[in-house]
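Each residue of the sequence shown is one higher than the one before, counting from 1431 in this note's numbering.
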Amino acid sequence: MDGRNETTGSIAFVIFGVTGDLTKRKLLPALYQLAREKRIPERIDIIGFARRPWDDGLMQQVLTEGIHEYARISPVDNKIISELLSDAKYILSEFEDRKGYDELNRHLDDKKYRKVIFYLATPPDSYANIINNISACQDYAINKEWLRIVVEKPYGRDLNSAQSLENDLRKCFSEEQIFRIDHYLGKETVQNILVFRFANGIFEPLWNKNFIDHVQITVSESTDVGTRAGYFDTSGVIRDMFANHLLQLVTLTAMEAPYAFNAESVRDEKMKVLKSLRPLISKVALENTIRGQYDDTKIAEKVLPGYLHEDRVAKNSITETYLSAKLFIDNWRWANVPFYIRSGKCLPVRATEIAIQFKQIPLSLFNWKNMAGEAPNVLVLRLQPDEGITLSFGAKLPGPVNQIAPVNMEFCYQDAFGSEPPEAYERLLLDCILGDQTLFTRHDEVIEQWRFVTEILKAWEENPVKELPKYQIGSWGPVESEQFISRDNRNWRNLQG
Ligand code: BG6
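1. For Ile1863, decide whether its Cβ has a neighbour in chain D, counting only Cβ atoms nearer than 8 Å.
2. Taking the beta carbon of Ile1940 as the centre, do at least 16 other beta carbons fall within 10 Å, making it buried, or is it exposed?
3. Return yes when the C-beta of Lys1583 is under 7 Å from any heavy atom of ligand 1, and no when it is not.
4. Since Asp1598 is in the alpha helix (DSSP H), which residue starts that stretch and which ends it?
5. Can His1537 be considered in contact with ligand 1, in the sense that its beta carbon sits closer than 7 Å to one or more heavy atoms?
6. Smallest Cα separation from Trp1576: which of Asn1559, Glu1605, Ile1503 and Thr1552?
7. Could you tell me the alpha carbon to alpha carbon distance between Trp1922 and Arg1708, rounded to whole angstroms?
8. Taking 7 Å as the cut-off, is the beta-carbon of Gln1814 closer than that to any non-hydrogen atom of ligand 1?
9. For Ala1693, which residues in the same chain have their Cβ closer than 7 Å to its Cβ, ignoring the five residues on either side in sequence?
10. Can Tyr1462 and Ala1518 be called in contact, C-beta distance under 8 Å?
11. Using only the heavy atoms of ligand 2, determine whether one of them is closer than 7 Å to the beta carbon of Glu1651.
12. Would you check if there are 3 or more beta carbon pairs closer than 8 Å linking the region 1749-1765 to the region 1606-1625?
13. Excluding the five sequence neighbours on either side, which residues of its own chain have a C-beta within less than 7 Å of the C-beta of Leu1898, listed in chain order?
14. Helix, strand or coil: which one does DSSP assign to Gly1631?
15. Hey, is Asp1555 close to ligand 1, as in C-beta under 7 Å from one of its heavy atoms?
16. Based on the DSSP output, what are the partners of Glu1840 in its beta bridges?
17. Based on the DSSP secondary-structure assignment, which residues constitute the bridge partners of Gln1814?
18. Below 7 Å CB to CB, which residues in the same chain sit around Gln1879 once its five sequence neighbours on both sides are set aside?
19. Would you report the Cα separation of Met1431 and Ser1712, rounded to the nearest angstrom?
20. Considering only heavy atoms of ligand 1, does any lie closer than 7 Å to the CB of Asp1670?
21. How about Ile1469 and Leu1887: are their beta carbons less than 8 Å apart?
22. Quick check on the burial criterion: 16 or more other C-beta atoms within 10 angstroms. Buried or exposed for Asn1640?
23. Should Thr1657 be counted as a contact of ligand 1 given a C-beta to heavy atom distance under 7 Å?
24. Since I believe Ala1715 is in contact with Glu1885 (beta carbons under 8 Å), could you give me their beta-carbon distance rounded to a whole number of angstroms?
25. If I measure Cβ to Cβ from Lys1601 and keep anything under 7 Å in the same chain, skipping five residues before and after, which residues do I get?
26. With a threshold of 16 other CB atoms inside 10 Å of the CB of Leu1793, please say whether the residue is buried or exposed.
27. Can you find at least 3 beta carbon pairs, one from the region 1577-1594 and one from the region 1549-1566, that sit closer than 8 Å?
28. Are Val1645 and Val1767 closer than 8 Å when you measure CB to CB?
29. Hey, how far is the Cα of Pro1851 from the Cα of Gly1907?
30. So what does DSSP say about Phe1446, is it helix, strand or coil?
31. Could you give the DSSP three-state label for Arg1434: helix, strand or coil?
32. Starting from the C-beta of Gly1818, find all residues in its chain whose C-beta is less than 7 Å away, skip the five residues before and the five after it, and write them out in chain order.
33. DSSP on Lys1705, reduced to helix/strand/coil?
34. For the beta strand (DSSP E) that Asp1643 lies in, which residues bound it at each end?
35. Which residues does DSSP list as the beta-bridge partners of Leu1522?
36. In whole angstroms, what separates the C-alpha of Gly1433 from that of Pro1778?
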C-alpha cells in the first residue's frame, strides 16, 4: 500500500451517536489497531456527540473497555489506548439542538483542527437533523485542509427517502467528501473477489454465460435479531442486507474489468451491473422473491421464541427474517444466467459465500458410477468464516473399480498467509483518513440499489399477505425457498459453518 504511512497532522474524529454499540465494538477497536500498526497520524482526537448524560471521563472509560473487549489482537497495549483517548471530548446534546453544534464548532476552532471527519453512527432518523445542522454551520469548513463525512447504512428506506438523504448530504458536502460505508466492502475476502478475477489469467475467460450455469450468493447468519429487533422490524432482510451487502457482492462478481483500479473506474463498472439488473416489478417481483420468518422452535426440550415472539416485534409483523431471490443481469456477459441470492437470520451456520456453478459437460464419456452424482464443477469464494477459495471437480477413485468421486482444490487464507484478515472497519477507516473512496458506495450506486429494491417493496406492499412462510430455527429457511430453486432443477448449496 504505497504511501499509506505518510499521512501527518491531527485529525478530529467526531462521532455522532458515540454512545451506541458501533463505536465501542467496531470503530474504536479499529482505530486502536490502526494506531498500533502506526498507520494513522500520531494524533487522532475522538470527539463524541450524543444524547446520553455522559462526560469526557465516562466516554473514555466505556471506549477503553470496548477496546479491551473487542480488539482483534490481545493483549492490548494500554499506552496506545491512552494516547488515543486521553484527550477525547464528549459533547452532550440533542441532535436537533443548535447549541451542541456551536460547542462542537468552538472546540474544533480552539484546537485548530485542519482535518475533520464527521461520522454518523446514530439511528438513521437523526441523519437529516445532523446534516442540516452541520450544513447550517458553514464555519466548520473555514481553515480546514479537508472535511469528510462518513454515513453508515441504511441510507434511507426506499428510493424517495434515499434521494432526500442524498439531497441533504449534497447540500453541504461534495461527493469527494462523502464516504458511504458498506462494511462488506472492507472485508479482505470481498476485496479479493476483484484480485482473484482480475489478477489471474485463468478464471476470467470462463466467467460468463458460456461456461457458467448459475451463481449462488449466500449470507447466512445463525443468530436471531437479538437486541436490534426494534430496528430490524422496520427493515427486514431486504433493507438490512439485500439493498446493500448482497447487491454489492453481485456487482463485484459480475462487473467488467475497470480500466484502472481507482475509485471512479471501479464504481463506474459496478454501476453498469446495477443498471443491467432486470427489474423485479409487480408479479415478476412476487414470483422471484421468497420471504420467510423464523418460527417458535423446540430444541433440546426448550422452545426458542420465533420472530413474532421477540421483544419489540409487532405481533402481526410481516417483516422477513429470510429472503431469497432470483436475479438476472441483462448484459452480454450474463444474459440468462440466474443469480440466486439468499440471506437470513437463525439459519444453521454463519457463512457467507459466492458459488459459481459451471455448466455440465456436453456428453458423458464415462459410463461409470459417478459418486459425485450429477455434481458439477463449482468454484466457491468463501468470504467468512474460514476464508478461502475451493474448486470442486470429479476425479477417478483409485482402484480397479471405475468410479468418479468429487474432490476439492482448496486455498485457505489462514494456511497461506498465517494470520487472520484485518477487520473491515480498519481498512475502511484508514481509507477514509487517506481520502480513498474505492471501497465506499457512490451516490449513483445507492440510488440505483434503491431503485431496484423499491420496486420489490412496492410489489410486496401492493399484494399484502397476512403472514409469511415460517421456518424452524436452525433450518435453511422456508420450504417455499427450496421449491423455488428446485423448479429450475437446481438446489441450494448446503453450507457448513
Ligand atoms: C449488518 C446488518 O449490516 O451486517 C446485520 O445490519 C448483520 O443485521 C451484519 O448481522 C452482518 O455482518 P457480518 O460482517 O457479521 O457478516
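Yeah, the Cβ is synthetic: ideal placement off N, Cα and C, and Gly gets one too.
Keep in mind the model is a prediction, meaning the values are calculated, not measured.
If we stick to the structure as given:
1. Absent here is chain D; the protein component of the structure consists of one chain.
2. Residue 1940 lies beyond the residue range present for the chain, which begins at 1431 and ends at 1927; the question has no answer from this structure.
3. For ligand 1, at least one heavy atom lies less than 7 Å from the Cβ of Lys1583.
4. Note, Asp1598: alpha helix (DSSP H), Leu1589 to Cys1602.
5. Checking every heavy atom of ligand 1 against the Cβ of His1537, none is found closer than 7 Å.
6. Considering only Asn1559, Glu1605, Ile1503 and Thr1552, the residue with the shortest C-alpha distance to Trp1576 is Glu1605.
7. If I take the Cα positions, the gap works out to 22 Å.
8. Gln1814 Cβ: within cutoff of ligand 1.
9. For Ala1693, where only same-chain residues beyond five positions count, the Cβ hits under 7 Å are Asp1866, Gln1867 and Thr1868.
10. With contacts defined as CB atoms closer than 8 Å, Tyr1462 and Ala1518 fail to qualify as a contacting pair.
11. Summarising the ligand content, the structure contains ligand 1 and does not contain ligand 2.
12. With the cut-off at 8 Å, the region 1749-1765 and the region 1606-1625 do not touch.
13. In its chain, beyond the 5 residues on either side, Arg1721, Gly1722, Gln1723, Ile1748 and Glu1750 have a beta carbon closer than 7 Å to the beta carbon of Leu1898.
14. Residue state for Gly1631 is assigned as coil, using DSSP reduced to three classes.
15. No; taking the cut-off as 7 Å, the Cβ of Asp1555 has no heavy atom of ligand 1 nearer than that.
16. Note: Glu1840 sits in a beta bridge opposite Thr1820.
17. BP columns for Gln1814 point to Thr1782.
18. Excluding sequence neighbours, Gln1879 sits near Ala1673, Asn1674, Leu1677 and Leu1704.
19. Only weak support is given to the placement of Met1431: the predicted model assigns it a pLDDT of 36, under 50, and the value that follows is read from those uncertain coordinates. Rounded to whole angstroms, Met1431 and Ser1712 show a C-alpha spacing of 47 Å.
20. The answer is yes for Asp1670.
21. With the sequence shown as reference, residue 1469 is identified as Arg, and Ile is not the correct amino acid for it. No.
22. Counting Cβ neighbours within 10 Å, Asn1640 comes out exposed, since fewer than 16 surround it.
23. Thr1657 has its CB no nearer than 7 Å to any heavy atom of ligand 1.
24. Sure, about 6 Å apart at Cβ, within 8 Å.
25. Here the set comprises Ser1565.
26. Label assigned to Leu1793: exposed.
27. Look at the beta carbons and you see the region 1577-1594 touching the region 1549-1566: at least three pairs across the two are nearer than 8 Å.
28. Contact: yes.
29. Cα to Cα, Pro1851 sits roughly 30 Å from Gly1907.
30. Of the three classes helix, strand and coil, the one that applies to Phe1446 here is strand, per DSSP.
31. Its pLDDT being 48, under 50, Arg1434 is placed unreliably in this model, and the coordinates cannot settle the point.
32. Excluding positions up to five away in sequence, the list reads Arg1812, Glu1840, Phe1841, Cys1842 and Tyr1843.
33. Lys1705: helix per DSSP, three-state reduction.
34. Ile1642 to Ser1650 is the span of the beta strand (DSSP E), which, as asked, contains Asp1643.
35. Leu1522 is bridged to Ala1480.
36. In this predicted model, Gly1433 has a pLDDT of only 43, less than 50, meaning its place in the structure is not dependable; the value taken from the coordinates is given anyway. Roughly 43 Å separates the two Cα atoms.
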